[in-house]
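Chemist: Just so it is clear: in the sequence shown, position 330 is 329 by numbering that gives the first Met the number 0, and no numbers are missing. Using N, Cα and C, we set each Cβ at its ideal position, and we do this for glycine too. Here you go, one structure.
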Amino acid sequence: MSKVAKSIDRATLIELEWRDLSLYWIARPLGYAYEKLMYIPFLLLGGLLRIIVAPFDKTGSIRKSLTTEGIAREVLTLANIVTAYGFYLWWKLIVLIKLWYVGSPSLPNFFSLTTAWGNFTEGSLVVISFLTVEIFATDFLDGPIARINKRVTALGTLLDHTRDYLAGFSVFSFLLVLTLRIGDIWVYLLSIFVFAGLAAILVHGVAHGYQFTKFEIKYDPLPTSSLYAQAKKIGAIGKKFALEEYQTRLTGRLQFASTAASGMVGLFFYAFEYLWLDILFTALLAITLLITGVYLYELWGDYYEKWHMKMHERSKSMKEKLALRVEKISEKTRREEQAQ
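In C-alpha cells:
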C-alpha cells in the first residue's frame with residue numbers, strides 16, 4: 000500500500016486495511032497460486048510478443064520492456080483478471096437490458112456465477128438484478144487482491160474506475176427507464192440527480208487528468224526522438240496520475256458504495272416488488288444524493304482552489320510582465336527626451 004498511501008487520507012487507509020485484513024485469508028493464497036500456475040504461460044507469452052514486435056523494434060527497447068515479470072506484475076495480474084471479468088459481466092448486462100427492453104422472453108447462454116448458481120425462469124429482470132450484484136462484487140474484490148499481493152498497477156486502477164463508471168451509468172440509466180414506466184416521479188427525480196452526480200464526478204476526473212498531463216508535459220516536454228519514446232512518456236504520466244492522483248478518498252468510496260447499493264436494491268424491488276425494498280430503495284437514493292453532494296463539494300472545491308491559485312500566479316506573472324514593459328517604455332521615453 001506504500002505507493003498509494005501518500006495520496007489518500009487516514010480514514011481511507013483504515014477502511015482499506017480492515018477490508019484487506021478481512022479478505023487476506025482468500026486473496027493471498029489465490030494470488031500466490033495464480034502466479035505459480037501462470038508462470039510458464041507468462042514466459043511463453045512474453046517470448047511470443049517479443050518475436051511479434053522484433054521486425055518493428057529497431058532499437059530493442061520494446062522487446063526489453065516485454066519481460067515475463069512485467070507481464071505478471073503489470074498486466075495479467077489476478078486483480079486485473081477479476082476486473083476484466085467485471086467488464087465481461089457488464090457487457091452481458093447490456094445485452095440482457097436490451098432483451099428486456101424489446102420484450103424478449105429468451106435468456107442468452109453465457110457463463111457467470113449468477114447463471115451457474117441458479118435456474119432463473121422468472122424473467123430477465125431477475126437475472127439483471129443478480130448480475131448487477133456480481134458486477135459490483137468484482138469491484139469489492141479486485142482492490143484487496145491487488146494490495147494484498149502487492150500488484151497495485153496504474154492499468155488496474157484505470158480499468159477499475161472505468162468498470163465502475165460503466166456499471167453505475169448502465170444501472171441508473173436502466174432504473175430511469177423503469178421508474179419512468181411505472182410513473183414513480185419522486186424516485187425518478189432522485190435517480191436523475193444521482194445520475195447527474197455520477198456525470199459530474201466523471202467530468203472532474205477527466206478535467207483533473209487533462210490538467211495533470213498538461214502540467215507534466217509543460218515542465219518535462221515529450222521527447223522528439225521517436226513515437227515509442229513519446230508513448231512511453233505519456234504512459235509514465237498516466238501511471239503517475241493513476242497511482243498518485245486518482246486514488247479515491249473515503250467520501251468517494253462511500254459515494255460509490257451507496258450508489259451501488261441503491262442501484263442493486265432498486266433492481267431487486269422492480270424484480271420482486273416487495274414494499275420493504277421500495278422503502279429501502281428510496282432511503283438509499285436519498286442517502287446517495289447527500290453523499291454525492293458532499294463528495295462533489297470536496298472534489299470541485301479542491302479543483303477550484305487549484306484553479307484559483309493557478310489564475311493568481313498567471314495574474315501575478317502578467318502584472319510583472321506589464322510592469323517590465325511599462326518600465327522599458329518609460330526608459331525609452333527618458334532616453335528620447337535626453338537626446339532632444
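Excluding the five sequence neighbours on either side, which residues of its own chain have a C-beta within less than 6 Å of the C-beta of Met0, listed in chain order?
Modeler: Its pLDDT being 39, under 50, Met0 is placed unreliably by the model, and nothing is read from it.
Chemist: Let me know if Asp141 comes out buried or exposed under the rule of 16 or more other beta-carbons within 10 Å of its beta-carbon.
Modeler: Per the 10 Å Cβ criterion, buried.
Chemist: Using a Cβ-Cβ cut-off of 6 Å (strictly less than) and excluding sequence neighbours within five positions of Arg18, which residues of its own chain qualify?
Modeler: Same-chain partners within the cutoff: Pro143.
Chemist: For my contact list, Leu165 and Asn79 are in at a C-beta cut-off of 8 Å; report their separation, rounded to the angstrom.
Modeler: That pair is no contact at about 16 Å.
Chemist: Look at the alpha carbon of Leu65 and the alpha carbon of Thr82, and state the distance between them as a whole number of angstroms.
Modeler: Computed Cα separation, rounded: 22 Å.
Chemist: How big is the Cα-Cα spacing for Ile191 and Tyr84?
Modeler: Each residue's Cα considered, the two are about 28 Å apart.
Chemist: In angstroms with no decimal places, state the Cα-to-Cα distance between Arg150 and Glu73.
Modeler: So the alpha carbons of these two residues sit roughly 7 Å apart.
Chemist: Taking its Cβ as the centre, do 16 or more other Cβ atoms sit within 10 Å of Trp90, making it buried, or is it exposed?
Modeler: That one is exposed.
Chemist: So Phe255 and Ser128 are in contact, right, with Cβ under 8 Å, and what is the actual spacing, rounded?
Modeler: At roughly 19 Å, the Cβ-Cβ gap does not stay under 8 Å, so Phe255 and Ser128 are not in contact.
Chemist: Looking at Ser261 and Phe280, is the spacing between their C-beta atoms short of 9 Å?
Modeler: Cβ atoms of Phe280 and Ser261: closer than 9 Å.
Chemist: Please classify Thr178: is it buried, with 16 or more other beta-carbons within 10 angstroms of its beta-carbon, or exposed?
Modeler: Buried, by the Cβ-count rule.
Chemist: Quick check on the DSSP output: what are the complete alpha helix (DSSP H) runs of length 4 or more inside the segment 129 to 183, in order along the chain?
Modeler: Runs found: 153 to 181.
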